[in-house]
Every structure is written in structure tokens, then in C-alpha cells.
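Worksheet for the structure shown next.
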Amino acid sequence: MTDSTEQTADPANTIAYQGVPGANSHIACLEAFPDMIPLACGTFEDVFAAVETDGRAALAMIPIENSLGGRVADIHHLLPESNLYIVREHYLPVKYQLLALEDATLEGLEEVRSHVQALAQCRGQLNQLGVRTVARADTAGSAKEVAEMGDP
-12 MTDSTEQTAD PANTIAYQGV PGANSHIACL EAFPDMIPLA CGTFEDVFAA
38 VETDGRAALA MIPIENSLGG RVADIHHLLP ESNLYIVREH YLPVKYQLLA
88 LEDATLEGLE EVRSHVQALA QCRGQLNQLG VRTVARADTA GSAKEVAEMG
138 DP
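The sequence shown: position 1 = -12 (the working numbering), numbered continuously.
Encoded structure:
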């Protein structure tokens, strides 16, 4: 199975998701539709467009709600405005880890970057650490960003 941010596969066998490889929606694609090619998209709007207007994917994997954070508001605004509808449900248990570069220490931790839902769900632990939080498009993309910054 491969991932692509560009169209390289038959759209009929492609499923769009928001995020980068490793994102929760990417994992859900692999579990629920193992024979389809995941297509990484930057935003939820891009996911909808990949199916509705661009014709790059036959399906979209989008989060409707989260057991800890509740409904995903962006989707509840986008879905009714689209011509898409729910055809299947997939439950993905979400587990969060605090990741850092090899030389990082908890004592030196100043900032945590992640998706707003993840930050909300981990609010108690993050408050105990006394760190600044920065909301990003997705958790996996945040991990990639931190790795590329190279600042422990």
C-alpha cells in the first residue's frame, strides 16, 4: 500500500483523508479499506474536493466525532453543504503519546504542537506540564514539523 499527495492511482480505488501518513484518518483508511490507495489532503475541504469536484478519489475518510473530544465541528459544517453522505462507519481508538527529539527532556519542554482535538483531550496533562500549546492541522503533521525543526 502506498500513500500519495498527488494522483498516481485509479480514482475508483482511492480514498482521501486529511493529514499526512500516520495521521489518525490515514490509519482508519488502512484499517477500513486496506485495498484502497490513501490520498493525503491538507485540509478537510481538500478531502471533500478530492471526491466531489476533483475526481481524484472515490471515497473520503473523515472524522465525525471523537470519544473524548466530542463532535468534529468542521465536518458538521462541511458535510451538509456537500453532496457526500455517510456510507460506512469505522471506530478507531485513539492513543496519544508525547513525542520529542532524542535529546529533549520533560524539564526543557516549552511547547506542544498538535491538532486542536488532541490538545483539548490532553489538556489536563499539558496543564500539569505547564507548556504552551499550538494548534496545527493534524497530529502526525505536527510530529513531522517538530522533527524537521530539529529543536529539542
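Ideal placement from N, C-alpha and C gives every residue a C-beta, glycine not left out.
Since the structure is predicted, the reported quantities are computational estimates derived from the model, not experimental observations.
Non-local beta-carbon contacts of Val38 in its own chain, meaning distances under 8 Å to residues more than five positions away in sequence, involve Ala3, Ala44, Ala45, Leu46, Ala47, Leu71 in chain order.
When C-alpha distances from Leu26 are compared across Leu93, Asn53, Asp(-3), Pro67, the shortest belongs to Asp(-3).
For Ser101, the uninterrupted beta strand (DSSP E) segment begins and ends at 98 to 102. Closest by C-alpha distance to Arg58, out of Leu86, Gln108, Arg75, Tyr83, is Gln108.
Bridge pairing for Glu52: Arg58 [DSSP].
Ranked by Cα distance from Pro80, the first of Pro50, Val103, Ala130 is Pro50. For Val34, the secondary structure class from DSSP, reduced to helix, strand or coil, is helix. Where Leu116 is concerned, the enclosing alpha helix (DSSP H) starts and stops at 110 to 116. Following the DSSP letters along the chain, one finds Val121 inside the beta strand (DSSP E) bounded by residues 119 to 123. Counting along the chain, Ile24 sits inside the beta strand (DSSP E) bounded by residues 24 to 28. Short of 8 Å from the beta carbon of Leu113, and not among the five residues preceding or following it, lie these beta carbons of its own chain, in chain order: Val99, Leu106, Thr120.
If you draw a straight line from the Cα of Val103 to the Cα of Glu76, it is about 22 Å long. In this structure, Asp61 sits away from Phe20, with a CB-CB distance that is not shorter than 9 Å.
Taking each of Ala(-1), Ile14, Val118 in turn and checking the Cα distance to Leu85, the smallest one comes out for Val118. DSSP, reduced to helix, strand and coil, places Ala47 within a strand of the structure shown.
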